[in-house]
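*Asks:*
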Amino acid sequence: MQRKGLFNIWLICRILGILILLNGVFMLFCLPFAFYFGDGDWEALVKAGAITIFSGGIASLYARKVGYSQEFRKKDGYIIVSLGWALMAFFGSLPYLFSEINPSFADAYFETISGFSTTGASILNDIESVGKGILFWRSLTQWIGGMGIIVLAVAVLPFLGIGGMQLFVAEAPGITPDKLQPRIKETARRLWWVYAGLTGVETILLMTGGMSFYNALNHALTTMATGGFSTFNDSAASFSPYIQYILIIFMLLAGTNFTLNYFLFKRMFKAIWNNEEYKYYIYVIALATFAIGVTIVMTTDLGVEKSFRDALFQVISIITTTGFVSADYTAWTPFATMIIFVLMFSGGMAGSTAGGVKIVRHIILFKNSFLELKRQLHPTAIIPVRFNGKAIKGSITFNVLAFIMAYFLIFGIGILVMSAIGVDLMTSIGAVATSLGNIGPGIGTVGPVDNFAHLPDLAKWVLSFLMLLGRLELFTVMIIFTPYFWSRF
1 MQRKGLFNIW LICRILGILI LLNGVFMLFC LPFAFYFGDG DWEALVKAGA ITIFSGGIAS
61 LYARKVGYSQ EFRKKDGYII VSLGWALMAF FGSLPYLFSE INPSFADAYF ETISGFSTTG
121 ASILNDIESV GKGILFWRSL TQWIGGMGII VLAVAVLPFL GIGGMQLFVA EAPGITPDKL
181 QPRIKETARR LWWVYAGLTG VETILLMTGG MSFYNALNHA LTTMATGGFS TFNDSAASFS
241 PYIQYILIIF MLLAGTNFTL NYFLFKRMFK AIWNNEEYKY YIYVIALATF AIGVTIVMTT
301 DLGVEKSFRD ALFQVISIIT TTGFVSADYT AWTPFATMII FVLMFSGGMA GSTAGGVKIV
361 RHIILFKNSF LELKRQLHPT AIIPVRFNGK AIKGSITFNV LAFIMAYFLI FGIGILVMSA
421 IGVDLMTSIG AVATSLGNIG PGIGTVGPVD NFAHLPDLAK WVLSFLMLLG RLELFTVMII
481 FTPYFWSRF
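Taking full-length UniProt numbering, I'd label the letters of the sequence shown as residues 1 to 489.
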């Protein structure tokens, strides 16, 4: 069949239909908890699941009947990724609407895109009153989103040329630049096993700390996805030290390049420590924890262990963009709170489920800036940026610089838009930073002890778009709004 038109419409429809259908199947996975706890939310899940499965099935089957070319181009990839995530959130919001937990579509969509983007920002004022089936769906959206970002990192974003992700592909087990496509399935399968395996191990360890199976599973799902949704109103604040330390360990692993987690299973410890991004990841966490921990010890009477545990928990929670809360960091000193805010622009490692700018981009930015000083002294010298001891392509450096510039430009525009809507400045800064970075808690009236319910609907739509934008590495969505994307040339 010859391909016609700007896009391979029926191939796009086929893939989107399958994604939507799978989304509906995942909804049905929540039914056992709905029936067991008897909260009456099973009807909403069945209705939402049936509509979603039917819609996805019809789209997929019709596209197959019409027929489509197997040719897959970059433009098709951008449409599938961006529209796929948006449609997953649209259908994923149905359980909230049918259960009347979120009677407003803006609220339901906000909660859902926050789940799929693994942001963790919420509009629920009383989480513990929500039916257990719906609450499990809320956690499951984050686990699905985390699993999806691994697929993107392995198979799609490098193909689309998203800066930083190419470095992940170069290190992923089984992938070589000249044999990328044949090895994608094998690599994705290995990383999925790591992802699912760590989720299972964390569930067991949380249960040994006294958590019920239900709560342990929910927190394991949202930890490995670096999502941060909790089944408790106070998040992790009332958890025992043992459970908090378990969450710390698995948040750290979730924010690590999943290739390195695979190396951990293979006991390739030298390969892990030799990774430059991992070293900086650990150094930043250690330095920020020490600075905040000392500050808390000097200004409170919490004790050394509690002070440093709270500092370590919140530093890792923010840098990995998980968003669990063990303490109100806005109540700490301005110095400690500012460190937390700065970490919101850090992000975890490339190839992890974490959001944000990513450590590797900061490394490349700082290295290139330093080398630019050398180039001023030696204008004719060719001085490449090196990462993990190897020179990286200039195109990747330019892509990273463009990404960081775009990130902070969008951050500034987002603040202006939120302020124009009527949100106060501090809340606008916090809400935009946490949404774009897929973190969860922010500052102002969307801090760690607050939520987003009080914001106007228009503000929630703006933040929903920023969550999607941040999760899909900016360019994947931004390029769709450019005129040359719609050009035939």
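All C-beta atoms, glycine included, are put in the ideal place defined by N, C-alpha and C.
Since L312 contacts F250 with CB under 8 Å, what's their CB separation in whole angstroms?
*Replies:* The beta-carbon separation of L312 and F250, rounded to 13 Å, does not stay under the 8 Å limit for a contact.
*Asks:* The alpha helix (DSSP H) spanning L373 covers which residue range?
*Replies:* Where L373 is concerned, the enclosing alpha helix (DSSP H) stretches over 359-377.
*Asks:* Do you know offhand how far L371's Cα is from V385's?
*Replies:* 8 Å
*Asks:* Taking the alpha helix (DSSP H) that N13 falls in, what are its first and last residues?
*Replies:* Residue 13 is actually Cys in this sequence, not Asn. C13 -> alpha helix (DSSP H) spans 9-28.
*Asks:* What do you get for I58, buried or exposed, if any count of 16 or more other CB atoms within 10 angstroms of its CB means buried?
*Replies:* exposed
*Asks:* So what does R386 bridge to, in DSSP terms?
*Replies:* A391
*Asks:* Express the C-alpha separation of L287 and residue 493 in angstroms, rounding to a whole number.
*Replies:* The chain is shown from 1 up to 489; residue 493 falls before or after that span and cannot be answered.
*Asks:* Under a Cβ-count criterion, where at least 16 other Cβ atoms within 10 Å of its own Cβ denotes burial, should Y242 be classed as buried or exposed?
*Replies:* exposed
*Asks:* With a Cβ-Cβ cutoff of 7 Å, do F7 and K75 count as a contact?
*Replies:* yes
*Asks:* Taking just the CA atoms, how far does K279 sit from F263?
*Replies:* Straight-line Cα distance between these residues: approximately 15 Å.
*Asks:* Distance, Cα to Cα, V477 vs M405?
*Replies:* C-alpha separation (whole angstroms): 16 Å.
*Asks:* With a threshold of 7 Å on Cβ separation, who are the neighbours of Q244 within its own chain once the five nearest residues in sequence on each side are excluded?
*Replies:* A236, R309, F313, S326
*Asks:* Report buried or exposed for I383, applying the criterion of at least 16 other Cβ atoms within 10 angstroms of its Cβ.
*Replies:* exposed
*Asks:* Which residue from A402, A254, D328 puts its Cα closest to that of A350?
*Replies:* Answer by Cα proximity: A254.
*Asks:* Taking its Cβ as the centre, do 16 or more other Cβ atoms sit within 10 Å of T434, making it buried, or is it exposed?
*Replies:* buried
*Asks:* What is the DSSP secondary structure of P95, reduced to helix, strand or coil?
*Replies:* helix
*Asks:* Quick one: what's got a C-beta closer than 8 Å to I363's C-beta in the same chain, skipping five residues either side?
*Replies:* E276, E277, Y280, F387
*Asks:* Measuring alpha carbon to alpha carbon, tell me which of F475, W486, R488 ends up nearest S82.
*Replies:* F475
*Asks:* Would you report the Cα separation of T112 and R361, rounded to the nearest angstrom?
*Replies:* In this structure, the straight-line span from the alpha carbon of T112 to that of R361 is close to 28 Å.
*Asks:* Just mark R267 as buried or exposed, buried being the case when its beta carbon has 16 or more other beta carbons within 10 Å.
*Replies:* R267 is exposed by the Cβ-count criterion.
*Asks:* Rounded to whole angstroms, what's the CA-CA distance from S369 to V432? Just pull it up for me.
*Replies:* 27 Å
*Asks:* Just verifying my parser: in three-state terms, what is the DSSP assignment at V477?
*Replies:* helix
*Asks:* If L472 and W192 are in contact, beta carbons under 8 Å, what's the gap, nearest whole angstrom?
*Replies:* L472 to W192, Cβ: 20 Å. No contact.
*Asks:* Between the C-alpha atoms of G24 and G293, what's the straight-line distance to the nearest angstrom?
*Replies:* 45 Å
*Asks:* Using a Cβ-Cβ cut-off of 8 Å (strictly less than) and excluding sequence neighbours within five positions of S240, which residues of its own chain qualify?
*Replies:* G209, G210
*Asks:* Give the straight-line distance between the Cα atoms of L455 and F116, rounded to the nearest whole angstrom.
*Replies:* 20 Å
*Asks:* To the nearest angstrom, how far is it from the Cα of T187 to the Cα of V194?
*Replies:* 11 Å
*Asks:* Does the region 435-450 come into contact with the region 463-472, if we say contact requires no fewer than three beta-carbon pairs (one atom in each stretch) closer than 8 Å?
*Replies:* yes
*Asks:* Is N257 buried or exposed, if buried means 16 or more other CB atoms sit within 10 Å of its CB?
*Replies:* buried
*Asks:* What does a CB cutoff of less than 8 Å around I18 pick up in its chain, not counting 5 residues either side in sequence?
*Replies:* G56, S60
*Asks:* Contact check, G295 vs F335 under 8 Å by CB: the rounded distance?
*Replies:* With the sequence shown as reference, residue 295 is identified as Thr, and Gly is not the correct amino acid for it. Confirmed, Cβ separation roughly 6 Å.
*Asks:* Using a threshold of 7 Å, state whether the C-beta atoms of C30 and G133 are closer than that.
*Replies:* yes
*Asks:* Considering Cα atoms alone, identify which of L206, P448, I285 is closest to residue 490.
*Replies:* The structure shown does not extend to residue 490, since the chain is modelled only from 1 to 489, so the question has no answer here.
*Asks:* How is L6 classed by DSSP in three states: helix, strand or coil?
*Replies:* coil
*Asks:* Using three-state DSSP, classify K266 as helix, strand or coil.
*Replies:* Taken through DSSP and simplified to helix, strand or coil, K266 comes out as coil.
*Asks:* Taking the alpha carbon of V284 as the reference point, which residue from G414, L247, K358 has its own alpha carbon closest?
*Replies:* K358
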